[in-house]
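Chains as they are written, first to last, in my numbering: chain C, 1 to 506; chain V, 1 to 130.
Here it is as structure tokens:
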């Protein structure tokens with residue numbers, strides 16, 4: 001919309017008419033008045049965009065009109081027509097806010113230029129108004145957007161599954177979301193803006209985050225770590241945690257900690273291991289059935305021999321049969337124990353014990369079998385091991401299993417010219433781990449056997465093995481945080497080494 | 001004359017059971033613990049019958065069975081396979097060995113899968129030895 005309506009005010013009618021004609025021919029709309037008073041009336045009635053007024057008029061003069069108009073609407077453009085040398089009036093007009101001056105006699109070009117300037121001013125002002133108005137809308141929109149975003153962030157922090165705790169530069173808690181409330185067990189009102197890091201966290205945790213803030217400035221993000229945290233109310237929670245150290249213009253302003261509760265994950269992990277183990281027991285069933293059948297054969301045969309012994313009053317027979325029955329009862333007992341050990345979660349029971357003694361006892365149990373089969377059993381114990389904190393059951397059963405296997409490996413060996421032997425050695429390695437080595441020079445294993453060694457349903461002993469022995473051993477060792485290693489060479493024998501971390505008893 | 005029957009089995013429980021059955025039926029029992037000892041005993045005592053286990057250390061029953069059946073001096077000795085292994089698995093292993101070594105070894109006369117009642121075992125022995 002361009003400013004097009006012009007009010008011409010002059011007490012000389014002819015000038016008004018001439019100007020009006022000239023302006024109309026230029027495309028303007030004109031309204032006219034012949035005195036200041038009339039000019040003001042017309043201005044009020046017609047609301048022209050630009051006023052061109054003579055300065056010298058009887059009654060209300062141009063300056064007075066200018067003043068009145070500006071009072072009514074300061075944004076209207078008023079062009080003053082002056083005579084030569086009318087400096088005082090010009091200054092007054094300027095003070096009243098006249099937009100331009102043209103000299104008498106009014107020349108068309110001069111008026112055209114003045115009008116153009118006035119129009120440009122109006123246009124600029126319009127634009128400025130639009131801009132201002134727009135700006136206000138834009139600012140309002142931006143404010144709303146920021147509010148929405150910060151609200152969103154607040155909600156995000158609030159509803160996060162991670163516990164989020166932030167501290168300012170004085171280590172005062174400033175963010176403490178509901179998950180953090182749940183995890184640390186302290187109400188938000190008692191913590192936020194009240195507690196410091198040392199009051200909220202245990203000393204070791206507070207230390208971790210404080211140390212991070214003191215590290216080099218180029219590291220601001222600290223990756224996920226796992227830890228079991230202890231809350232002030234003595235709960236232990238396994239968590240993953242990470243943190244960010246915050247800087248603003250190179251100044252430390254605080255830190256943010258994130259915690260993920262791993263309780264559920266850990267529980268599921270445990271459950272998974274457990275169900276895998278049960279599945280493995282299921283897989284072993286066919287191997288087990290075979291083994292159980294062998295026990296049944298033994299029991300049946302034994303009871304027949306006993307029957308014969310009773311019928312014939314033959315004590316020797318009776319004893320032989322009875323021995324068979326007892327041996328097979330023991331096999332059932334061992335099998336049951338293996339199955340239970342394997343299928344159940346068991347924590348090692350640490351107690352002060354002497355590993356060498358336990359190994360010695362295990363070896364004693366199998367010595368008879370070895371001797372009757374012409375297998376030499378040699379032991380070499382590191383006397384400096386002494387008493388340690390360990391689970392005696394783990395050591396006993398693992399060693400018994402390995403030594404039994406070693407004897408079987410000698411029995412299976414087809415090279416009868418060999419002088420078969422099983423060597424059992426204990427020693428401490430350079431990492432202070434207690435090592436148990438069982439070495440035989442029996443049949444050894446091929447690659448396939450070696451690979452399946454710790455598989456559930458696998459046994460290389462036909463119906464004589466349950467396929468549980470090494471499985472159980474592996475599990476016991478794992479629960480004891482130990483490792484088991486195997487070296488083997490087909491035809492030359494195998495070496496099994498168990499390494500257990502052992503603490504000295506207090 | 002009392003007939004000699006050799007039991008080759010690594011399981012002492014099985015040995016004492018079979019020995020008792022043999023004694024009860026007036027045979028003379030001989031025992032061996034594995035394939036190698038079994039062959040020694042056969043060559044030394046020339047038994048009238050061999051009761052043979054399949055899975056044993058030091059020369060399995062599978063191997064000893066082949067040795068006997070491919071030795072013209074020993075192939076006539078009747079054999080009762082007495083084992084926990086299914087007949088199908090035993091025959092499979094023999095067929096695989098037939099292919100590998102060439103020639104064909106006859107199927108065992110009697111194949112008993114453990115567990116076996118004493119009467120059943122005695123009947124099988126009688127069938128072979130009268």
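Glycine is no exception: its CB is placed at the ideal position from the N, C-alpha and C atoms.
Legend entry - Amino acids of chain D, ordered along the chain, whose beta-carbon sits closer than 8 Å to that of residue 413 of chain C: Included in the structure are the protein chains C and V, with no chain D among them.
Inset, instruction - Answer with buried or exposed for residue 201 of chain C, where buried requires no fewer than 16 other C-beta atoms within 10 angstroms of its C-beta. - result: To locate residue 201 of chain C, count along the first chain from 1; it is residue 201. Flag for residue 201 of chain C reads buried.
Legend entry - Contact the stretch 32-40 of chain C vs the stretch 93-112 of chain C: 3+ CB pairs below 8 Å: The answer is no - the stretch 93-112 of chain C does not touch the stretch 32-40 of chain C, with fewer than three Cβ pairs under 8 Å.
Legend entry - Closer than 8 Å to chain C by CB, residue 43 of chain V: Counted from its first residue, the second chain places residue 43 of chain V at position 43. No, its Cβ sits nowhere closer than 8 Å to a Cβ of chain C.
Inset, instruction - Give the single residue among V/15, V/47 and V/129 whose Cα lies nearest to the Cα of residue 74 of chain V. - result: Position 74 of the second chain holds residue 74 of chain V. For the residues V/15, V/47 and V/129, the minimum Cα distance to residue 74 of chain V belongs to V/47.
Inset, instruction - Give the secondary structure of residue 424 of chain C by DSSP, where H, G and I count as helix, E and B as strand, and everything else as coil. - result: As a working note, residue 424 of chain C is residue 424 in the first chain. Strand.
Legend entry - Contacts that residue 290 of chain C makes with chain V (C-beta to C-beta distance below 9 Å): Taking the first chain and counting its residues from 1, one reaches residue 290 of chain C at position 290. Near residue 290 of chain C (Cβ distances below 9 Å), the residues of chain V are 84.
Legend entry - Of the listed residues C/5, C/468, C/434 and C/232, nearest to residue 285 of chain C (C-alpha basis): If you number the first chain from 1, residue 285 of chain C lands on position 285. Nearest option by C-alpha distance: C/468.
Legend entry - Extent of the continuous alpha helix (DSSP H) run through residue 200 of chain C: Along the first chain, read from residue 1 onward, the residue named residue 200 of chain C stands at position 200. Element bounds for residue 200 of chain C: 197-200.
Inset, instruction - Output yes if chain V places a C-beta closer than 8 Å to the C-beta of residue 488 of chain C; else output no. - result: In the first chain, counting from the first residue as 1, residue 488 of chain C sits at position 488. So, not an interface residue.
Inset, instruction - Following the continuous beta strand (DSSP E) through residue 260 of chain C, name the residue where it begins and the one where it ends. - result: Translated into positions along the first chain, residue 260 of chain C becomes position 260. Where residue 260 of chain C is concerned, the enclosing beta strand (DSSP E) stretches over 251-261.
Inset, instruction - Find the residues of chain C that neighbour residue 16 of chain V, judging by a C-beta separation of less than 9 Å, and give them in chain order. - result: Here residue 16 of chain V corresponds to residue number 16 of the second chain, with the count starting at 1. Taking a Cβ-Cβ cut-off of 9 Å, the neighbours of residue 16 of chain V in chain C comprise 301, 302, 305, 317, 320, 321, 323 and 324, given in sequence order.
Inset, instruction - Kindly indicate which three-state DSSP category residue 247 of chain C falls into: helix, strand or coil? - result: For this step, residue 247 of chain C is matched to residue 247 along the first chain. In this structure, residue 247 of chain C counts as strand in the three-state DSSP scheme.
Legend entry - Residue burial classification, residue 45 of chain V (beta-carbon count within 10 angstroms, cutoff 16): On the second chain, residue 45 of chain V is found 45 positions in, with the first residue counted as 1. Result: exposed.
Inset, instruction - Determine whether the Cβ of residue 126 of chain V lies closer than 8 Å to any Cβ atom of chain C. - result: Sequence index remark: in the second chain, residue 126 of chain V carries index 126 (1-based). Residue 126 of chain V does not count as touching chain C.
Inset, instruction - Find the nearest neighbour of residue 24 of chain C within the set C/359, C/409 and C/112, judged by alpha-carbon distance. - result: In the first chain, residue 24 of chain C corresponds to position 24, counting from 1. Residue 24 of chain C has its Cα closest to that of C/112, out of C/359, C/409 and C/112.
Inset, instruction - Mind the definition here: the stretch 391-404 of chain C touches the stretch 468-484 of chain C only if three or more C-beta pairs lie below 8 Å; say whether that holds. - result: yes
Inset, instruction - Could you list which residues in chain V have their beta carbon closer than 7 Å to that of residue 308 of chain C, in chain order? - result: For the purposes of this step, residue 308 of chain C is taken as the residue at position 308 of the first chain. Ordered by position in chain V, the residues that pass the 7 Å Cβ test against residue 308 of chain C are 20 and 24.
Legend entry - Secondary structure of residue 43 of chain C, DSSP reduced to three states: By 1-based counting over the first chain, the position of residue 43 of chain C is 43. It is helical.
Inset, instruction - Could you confirm whether any beta carbon from chain C is found closer than 8 Å to the beta carbon of residue 29 of chain V? - result: Counting from one through the second chain, the residue named residue 29 of chain V turns up at place 29. It does not; no Cβ of chain C falls within 8 Å.
Inset, instruction - Could you tell me the boundaries of the alpha helix (DSSP H) in which residue 363 of chain C lies? - result: Taking the first residue of the first chain as 1, we reach residue 363 of chain C at position 363. That run of the alpha helix (DSSP H) goes 355-372.
Inset, instruction - From the DSSP output, read off the bridge partner residues of residue 493 of chain C. - result: Taking the first chain and counting its residues from 1, the one referred to as residue 493 of chain C is at position 493. According to DSSP, which records beta bridges pairwise, residue 493 of chain C is partnered with C/489.
Legend entry - Interface partners of residue 9 of chain V on chain C, CB under 8 Å: Within the second chain, the letter at position 9 stands for residue 9 of chain V. In chain order: nothing, as chain C lies at least about 11 Å away.
Legend entry - Residues near residue 22 of chain C in its chain [Cβ-Cβ closer than 8 Å; skip 5 each side]: Here the question's residue 22 of chain C lines up with position 22 in the first chain. Cβ neighbours of residue 22 of chain C beyond the five flanking positions: 108 and 111.
Inset, instruction - Enumerate in chain order the residues of its own chain whose CB-to-CB distance from residue 1 of chain C is below 6 Å, with the five nearest sequence positions on each side excluded. - result: By 1-based counting over the first chain, the position of residue 1 of chain C is 1. Confidence is the limiting factor: at residue 1 of chain C the pLDDT is only 45, short of 50, which leaves the residue's position unreliable, though a coordinate-based value still follows. Excluding positions up to five away in sequence, the list is empty.
Legend entry - is_contact[residue 13 of chain V, chain C] using C-beta, thresh 8 Å: Walking along the second chain from the start, residue 13 of chain V turns up at place 13. Judged by the 8 Å Cβ criterion, residue 13 of chain V is in contact with chain C.
Inset, instruction - Using alpha carbons as the reference points, say which of V/52, V/3, V/2 and V/96 lies closest to residue 82 of chain V. - result: Counting from 1 along the second chain, the entry for residue 82 of chain V is found at position 82. Closest by alpha carbon: V/52.
Inset, instruction - Can you give me the Cβ contacts of residue 40 of chain V inside the same chain, cut-off strictly under 8 Å, excluding the 5 residues immediately before and after it? - result: Counting from one through the second chain, the residue named residue 40 of chain V turns up at place 40. So the qualifying residues of the chain are 32.
Inset, instruction - Determine the burial state of residue 131 of chain C: buried for a count of at least 16 other Cβ atoms within 10 Å of its Cβ, exposed for fewer. - result: Translated into the one-based positions of the first chain, residue 131 of chain C becomes position 131. Answer is exposed; the Cβ neighbour count stays below 16.
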